[in-house]
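Here the structure is laid out as structure tokens; the discussion comes afterwards.
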Amino acid sequence: MSKAHSISRFASLVFDLDGTLVDSAADITTAMSMTMTALGLPPLPQGYIMPNLHSTADTIIGDVFRDLGHPPPEDMQATRALFYDHYARFGHATSVLYPGAREFLRSCADRGQKLAICTNKRENTAREVLALLDVLDCFQAITGCDTYEEPKPSAVPLLRTLERMGVSRDEAVFFGDTQADAECAQRSQVGFALHRPGYGAQAAARFPRLLAFDHYSEFGLPANA
């Protein structure tokens with residue numbers, strides 16, 4: 001069975017955001033570096049690779065501090081607010097859709113599939129990014145880390161997203177790139193599509209999946225974004 005046919009038979013497609021639809025690594029790294037500077041710490045080293053880009057802001061911040069040998073922030077709430085402020089002011093300047101993603105989303109929406117986002121970004125930030133990239137109108141539901149009581153890898157955000165759209169778990173597939181996404185899909189008993197060029201595909205590859213892909217053109221659509 002072709003990948004195009006495998007996907008077209010589902011009533012709903014749910015997508016992670018960072019590393020799956022959007023390459024946002026540079027923007028997140030810049031915001032984190034600016035946060036460090038604002039706290040009186042050295043900026044991130046040149047070429048630093050951020051850990052756990054799929055996680056919530058608190059996890060990202062904690063992992064960066066630990067990775068660089070700094071003690072945890074004394075006030076995580078204030079540090080998180082700084083990070084979000086820098087991320088918002090930087091304006092998602094370099095975030096881009098992965099090649100072919102725009103055409104894929106439009107094609108799926110045009111044929112009547114229900115599309116949704118399930119991300120560990122805050123919901124309002126996810127909406128801002130999608131609007132900036134001119135694809136917000138493709139989605140019937142946007143779920144962030146703060147939409148429900150638990151973020152991924154809990155099954156809660158994905159199952160509640162499907163519930164909002166009136167779709168059963170058997171009628172949906174979840175696109176993601178990290179272990180958190182794969183584990184969320186497994187806990188939810190929803191088929192998983194692994195985006196291998198994302199931020200955590202090596203760990204995610206250990207989990208069951210419906211398919212894996214490197215480029216959205218593999219679904220039979222144009223390669224240009």
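In UniProt numbering, the protein residues as written are 1 to 225. Here a beta-carbon is modelled for each residue, glycine too, at the ideal position from N, C-alpha and C.
Rounded to whole angstroms, what is the Cα-Cα separation between residue i and residue j?
{"i": "A180", "j": "K114", "result": "22 angstroms"}
{"i": "A155", "j": "C184", "result": "5 angstroms"}
{"i": "P72", "j": "Y87", "result": "20 angstroms"}
{"i": "T20", "j": "R66", "result": "26 angstroms"}
{"i": "G200", "j": "A182", "result": "10 angstroms"}
{"i": "A225", "j": "E74", "result": "Confidence at A225 is low in this model, with a pLDDT of 37, below 50, so the placement of that residue should be treated as unreliable; the coordinate-derived value is given next. Taking the straight line joining both Cα atoms gives about 43 angstroms."}
{"i": "T143", "j": "L159", "result": "11 angstroms"}
{"i": "T37", "j": "V129", "result": "24 angstroms"}
Tell me the DSSP secondary structure of residue i in three-state form.
{"i": "F219", "result": "helix"}
{"i": "V96", "result": "strand"}
{"i": "F139", "result": "coil"}
{"i": "H195", "result": "strand"}
{"i": "F213", "result": "strand"}
{"i": "Y87", "result": "helix"}
{"i": "N124", "result": "helix"}
{"i": "D67", "result": "helix"}
{"i": "E163", "result": "helix"}
{"i": "I49", "result": "coil"}
Which residues share a DSSP beta bridge with residue i?
{"i": "I61", "result": "DSSP output for I61 lists no bridge partner at all."}
{"i": "R12", "result": "Position check: residue 12 holds Ser in this sequence, whereas Arg was assumed. DSSP lists K114, A172 as partners of S12."}
{"i": "V22", "result": "D18, L97"}
Assuming contact is defined by CB atoms lying nearer than 9 angstroms, are residue i and residue j in contact in what I supplied?
{"i": "D16", "j": "G220", "result": "no"}
{"i": "P151", "j": "N124", "result": "no"}
{"i": "F207", "j": "Q186", "result": "yes"}
{"i": "P157", "j": "C145", "result": "yes"}
{"i": "T161", "j": "C108", "result": "no"}
{"i": "P45", "j": "Y216", "result": "no"}
Exercise for the section: Tell me, please, whether the segment 125-140 touches the segment 189-204 by the rule of three or more beta-carbon pairs shorter than 8 angstroms. Expected result: Not touching, per the Cβ criterion.
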